[in-house]
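*Asks:* In this note's numbering, the protein residues as written are 1 to 264.
Glycine included, every Cβ here is placed at the ideal spot set by N, Cα and C.
Below is one structure. I have some questions about it.
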Ligand code: PEP
Ligand code: MN
């Protein structure tokens with residue numbers, strides 16, 4: 001049975017984002033090396049200043065095919081912490097299981113997210129929720145890779161049942177056999193239905209994984225802000241062409257800054 005009206009803490013009280021909307025999370029798809037994450041964060045800070053409060057970067061990567069770069073793993077958490085010390089940015093990464101949650105809590109990561117291939121797996125979500133019991137870290141939940149409201153809300157319920165109160169949504173589109181341009185179907189209806197079900201939750205928009213290519217990102221962002229999304233989670237890399245994952249959809253920090261200017 002679906003639980004509406006979760007007991008949550010408003011995003012403005014998380015102590016994570018600057019006061020002004022749209023709230024912004026930016027950073028590379030993956031942490032690749034100490035140099036790559038430090039240089040990307042430094043350029044983001046230089047280009048975006050106080051508009052950016054949170055750096056995203058995947059430490060553990062779920063790749064569709066075997067043989068690709070699967071992330072550096074927990075070894076790269078200290079690199080993120082160093083970047084936080086040097087830039088003042090809060091740090092945010094993806095967790096896939098309870099062990100990842102424990103590693104993030106031990107390291108002192110500021111916020112975590114659950115990805116589109118994990119949200120639809122109730123066993124993994126429960127493992128994550130169990131590991132979060134008693135912790136106060138904010139958790140963003142991406143929509144499941146398929147257009148399924150029940151699995152998305154079920155994931156929230158599992159977290160809420162373990163006492164997670166700082167909850168947010170990230171919409172990243174859904175797989176489609178018919179979508180011609182984008183990597184994922186924007187599935188605006190899914191986000192709208194979820195927002196109607198949980199109006200108290202902040203909902204961010206991830207144009208990067210919908211677009212699949214940087215050229216489509218500006219128009220998607222404009223549409224999302226017009227539709228009332230609270231913020232954006234965007235991939236940015238200091239050398240996108242050399243990225244080890246999602247190279248075609250990552251903006252340089254300078255291009256991200258121009259995009260944000262154009263959205264004003
Ligand atoms: C990511 O944010 O890099 C990622 C893997 O996203 P998603 O779970 O939306 O595919
Ligand atoms: Mn990615």
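1) Hey, residue 185 and residue 174 are a contact pair by Cβ (cut 8 Å); roughly how many whole angstroms apart?
2) Cutting at 8 Å between CB atoms, please list the residues of its own chain near residue 207, excluding the five before and the five after it.
3) I want to check one thing, is the minimum distance from the CB of residue 131 to the heavy atoms of ligand 1 below 6 Å?
4) Can you list every residue whose CB sits closer than 5 Å to some heavy atom of ligand 2, going in chain order?
5) By DSSP's criteria, residue 182 is part of a beta bridge. Which residues make up the other side?
6) Closer than 6 Å: is that where the CB of residue 115 sits relative to any heavy atom of ligand 1?
7) Please report the residue range of the beta strand (DSSP E) in which residue 56 lies.
8) Less than 6 Å separating the Cβ of residue 172 from some heavy atom of ligand 4?
9) So is the beta-carbon of residue 237 under 6 Å away from any non-hydrogen atom of ligand 1?
10) Hey, quick one: how far does the alpha helix (DSSP H) through residue 304 stretch, first residue to last?
11) Among residues of its own chain, excluding the 5 on either side of residue 159, which ones have a beta-carbon nearer than 8 Å to its beta-carbon?
12) Report yes or no: do the stretch 3 to 14 and the stretch 39 to 57 share at least 3 C-beta pairs separated by less than 8 Å?
13) Give me the DSSP bridge partner(s) of residue 94.
14) Helix, strand or coil: which one does DSSP assign to residue 19?
15) I'd like to confirm the pairing. Which residues does DSSP put opposite residue 33 in its beta bridges?
16) Quick one: Cα of residue 104 to Cα of residue 123, how far?
17) Would the beta-carbon of residue 58 be found less than 6 Å away from any heavy atom of ligand 1?
18) Got a sec? Which residues, its chain only, sit under 6 Å from residue 96 by beta carbon, not counting five neighbours each side?
19) Would you kindly report the start and end of the unbroken beta strand (DSSP E) that includes residue 203?
20) Quick one: residues in its chain with C-beta nearer than 6 Å to the C-beta of residue 72, no 5 flanking neighbours on either side, listed in chain order?
21) I'd like the list of long-range same chain contacts for residue 212, defined as Cβ closer than 8 Å, with 5 residues on each side in sequence excluded.
22) For my contact list, residue 116 and residue 144 are in at a C-beta cut-off of 8 Å; report their separation, rounded to the angstrom.
23) Exposed or buried, residue 200, counting other C-beta atoms within 10 Å across all chains shown (16 or more means buried)?
24) Just the C-alpha distance for residue 42 and residue 77, rounded to the nearest angstrom, thanks.
25) Tell me the start and end of each unbroken beta strand (DSSP E) in the stretch 217 to 247 that is at least 3 residues and wholly inside, in chain order.
26) Given this structure, state the Cα-to-Cα distance separating residue 257 from residue 195, to the nearest angstrom.
27) Do you know whose CA, among 14, 9, 21 and 15, lies nearest residue 263's CA?
28) Which residues mark the beginning and the end of the alpha helix (DSSP H) in which residue 170 is found?
*Replies:* Reading it off the structure:
1) 5 Å
2) 216, 217, 220, 221, 224, 232 and 234
3) no
4) 29 and 246
5) Bridge partners of residue 182: none, in fact.
6) yes
7) 54 to 56
8) In the structure on display, ligand 4 does not appear, and the ligands it does have are ligand 1 and ligand 2.
9) no
10) In the structure displayed, the chain extends from 1 to 264; residue 304 sits before or after that span and is not available.
11) 125, 128, 129, 132, 139, 141 and 167
12) no
13) 113
14) coil
15) None; residue 33 has no bridge partner.
16) 20 Å
17) yes
18) 60 and 118
19) 203 to 205
20) 31
21) 182, 183, 184, 248 and 249
22) 6 Å
23) exposed
24) 17 Å
25) 231 to 235
26) 28 Å
27) 21
28) Premise fails: residue 170 lies in the beta strand (DSSP E), 167 to 171, not in any alpha helix (DSSP H).
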